[in-house]
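The numbers in the working numbering rise by one with no breaks, and the one at position 289 of the sequence shown is 290. Note that beta-carbon positions come from the ideal geometry of N, C-alpha and C, so glycine has one too. Keep in mind the model is a prediction, meaning the values are calculated, not measured.
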Amino acid sequence: MLIAGGVILGFFFVVAQKQRSLSTERLQLTLVTDVEDIFVGALVSKGAAQVLPLPPQGIGFECTRGCECRFRVSNAAKSFGGKSFFAPRVVRGDDALVWTVDWKQPFRVSNFVMVTNPSRAFVFVYDENNGESRRLHEQVVKGLPPPVLRQGRVVGEVQYVNATLGNVSRMSPLEFDEVRFVFLGLSPERVKQVSLTRGWEGVSGVSVDANAVGFYEYAGRFDSVDYISYAGLPTVFAAIFAEDSTMYACSVGFAFGRLAYLSEVYARRAQSLSLALEESRPWCSYQSMIDQLRAMGAAARAVADAGEMRGVAQRIAEVGRLGSNVERLNNELVLRSCPELF
2 MLIAGGVILG FFFVVAQKQR SLSTERLQLT LVTDVEDIFV GALVSKGAAQ
52 VLPLPPQGIG FECTRGCECR FRVSNAAKSF GGKSFFAPRV VRGDDALVWT
102 VDWKQPFRVS NFVMVTNPSR AFVFVYDENN GESRRLHEQV VKGLPPPVLR
152 QGRVVGEVQY VNATLGNVSR MSPLEFDEVR FVFLGLSPER VKQVSLTRGW
202 EGVSGVSVDA NAVGFYEYAG RFDSVDYISY AGLPTVFAAI FAEDSTMYAC
252 SVGFAFGRLA YLSEVYARRA QSLSLALEES RPWCSYQSMI DQLRAMGAAA
302 RAVADAGEMR GVAQRIAEVG RLGSNVERLN NELVLRSCPE LF
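Laid out in structure tokens, this is it:
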């Protein structure tokens, strides 16, 4: 009887443990689905910042080198689904700041979703003797979202300080779990010469120059990990907020893939307009627009298919040039009293 009773108790203990495990899994799945719903809401807003309450476990973000990207709550995960997220590896605390940045080329292509929290700070470093560095610093700082207010109280903001190249090596450590140094208008060679005082923890670095963004680890000095092309200010912010070069390259690559798709959508729309207006308004020619859109789509597809965006600087420059042409042609159509394309 004692043995039988022990077996029965053991059976019910196993059942209870399984039910508890299933309940935990369901809760995690519910939480990650709720987080996904909030991100979907953020994606439709333009340039807005909002505060996201975090689950106790926090939210993890990860991308593999094969660009399998997901966010997770404990063991429950959801794919980025081709969307562009830029965040630290783990976001913990009571709240996270979620900020969307519109990427146009020249029509609206995608919203970049930047995620950060109060335990992460940025140090924007610029060379006060370099006009390009000062200009880029001003552009980045002005482009950040204003603090999120609730009943007149700040409930969320990007934590940052400014530093000149001349004084950054004398800065006292900041009391944050993570500190990202952002070197604006400085070459990788110059960044590697920067040293910090003792006591800094959780430090990483990003540099932005005229050619590319660089990613750095810090262990007594800034050592470069990667050097990747970018495409305008939104992608500069993407590099600043991304955990690493892999997350940056994958999420920006997703956006270029969407640009390739939308370029063909607009090209077909231009074809339809051209046929519809062939007799009533023969001066409304869309053929040049169609050619430029398809060329831009091909260049964007090449960037998207390049994996970690290596060796695509010329393609990105080509996308920028073709995008400018498309915008000019669209404006010319409007001046000729023709339907605009976007």
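Quick one: residues in its chain with C-beta nearer than 7 Å to the C-beta of residue 130, no 5 flanking neighbours on either side, listed in chain order? Locating residue 130 in the sequence shown gives position 129, where the first residue counts as 1. There are no such residues.
State yes or no: is the C-beta of residue 300 within less than 8 Å of the C-beta of residue 258? For the purposes of this step, residue 300 is taken as the residue at position 299 of the sequence shown. For the purposes of this step, residue 258 is taken as the residue at position 257 of the sequence shown. The answer is no: Cβ separation not under 8 Å.
Determine whether the beta carbon atoms of residue 189 and residue 228 lie at a separation below 8 Å. To locate residue 189, count along the sequence shown from 1; it is residue 188. To locate residue 228, count along the sequence shown from 1; it is residue 227. Contact flag set, yes.
Determine the direct distance from the alpha carbon of residue 256 to that of residue 12, and round the result to whole angstroms. As a working mapping, residue 12 is identified with position 11 in the sequence shown. As a working mapping, residue 256 is identified with position 255 in the sequence shown. In this predicted model, residue 12 has a pLDDT of only 39, less than 50, meaning its place in the structure is not dependable enough to derive any value.
Just list the residues that DSSP pairs residue 179 with in beta bridges. The residue you call residue 179 lines up with position 178 of the sequence shown. In the DSSP output, where bridge partners are listed per residue, residue 179 has 121.
Burial state of residue 332 (16 or more Cβ within 10 Å): Here residue 332 is taken as the residue at index 331 of the sequence shown, counted from 1. Counting Cβ neighbours within 10 Å, residue 332 comes out exposed, since fewer than 16 surround it.
Taking residue 295 as the reference, give the member of 319, 162 and 52 with the closest Cα. Here residue 295 refers to the residue found at position 294 when the sequence shown is read from its first residue. Among 319, 162 and 52, the Cα nearest to that of residue 295 belongs to 319.
Determine the closest residue to residue 57 out of 327, 91 and 104, with distance taken between C-alpha atoms. Reading the sequence shown from its first residue, position 56 is the one you call residue 57. Considering only alpha carbons, the answer is 91.
Which whole-angstrom value is the C-beta distance of residue 114 and residue 99, which I expect to be below 8 Å? Indexing the sequence shown from 1 puts residue 114 at position 113. Indexing the sequence shown from 1 puts residue 99 at position 98. Confirmed, Cβ separation roughly 6 Å.
For the putative contact between residue 264 and residue 85, defined by C-beta atoms under 8 Å, what is the C-beta separation to the nearest angstrom? Residue mapping note: residue 264 aligns to position 263 of the sequence shown, counting from 1. Residue mapping note: residue 85 aligns to position 84 of the sequence shown, counting from 1. Actually they are not in contact, since the Cβ atoms of residue 264 and residue 85 sit about 17 Å apart, beyond 8 Å.
Under the rule that 16 or more other beta-carbon atoms within 10 Å means buried, what is residue 343, buried or exposed? Taking the first residue of the sequence shown as position 1, residue 343 is located at position 342. With fewer than 16 other Cβ atoms within 10 Å, it is exposed.
Among residues of its own chain, excluding the 5 on either side of residue 313, which ones have a beta-carbon nearer than 8 Å to its beta-carbon? Residue mapping note: residue 313 aligns to position 312 of the sequence shown, counting from 1. Excluding sequence neighbours, residue 313 sits near 230, 303, 304 and 307.
Which one or two residues does DSSP pair with residue 205 in a beta bridge? Sequence index remark: in the sequence shown, residue 205 carries index 204 (1-based). 181 and 218.
Pull up the distance between the alpha-carbon of residue 95 and that of residue 133, whole angstroms please. Translated into the one-based positions of the sequence shown, residue 95 becomes position 94. Translated into the one-based positions of the sequence shown, residue 133 becomes position 132. Going from the Cα of residue 95 to the Cα of residue 133 covers about 38 Å.
Looking only at DSSP bridge pairs, what is residue 74 linked to? Within the sequence shown, numbered from 1, the residue matching residue 74 stands at position 73. BP columns for residue 74 point to 77.
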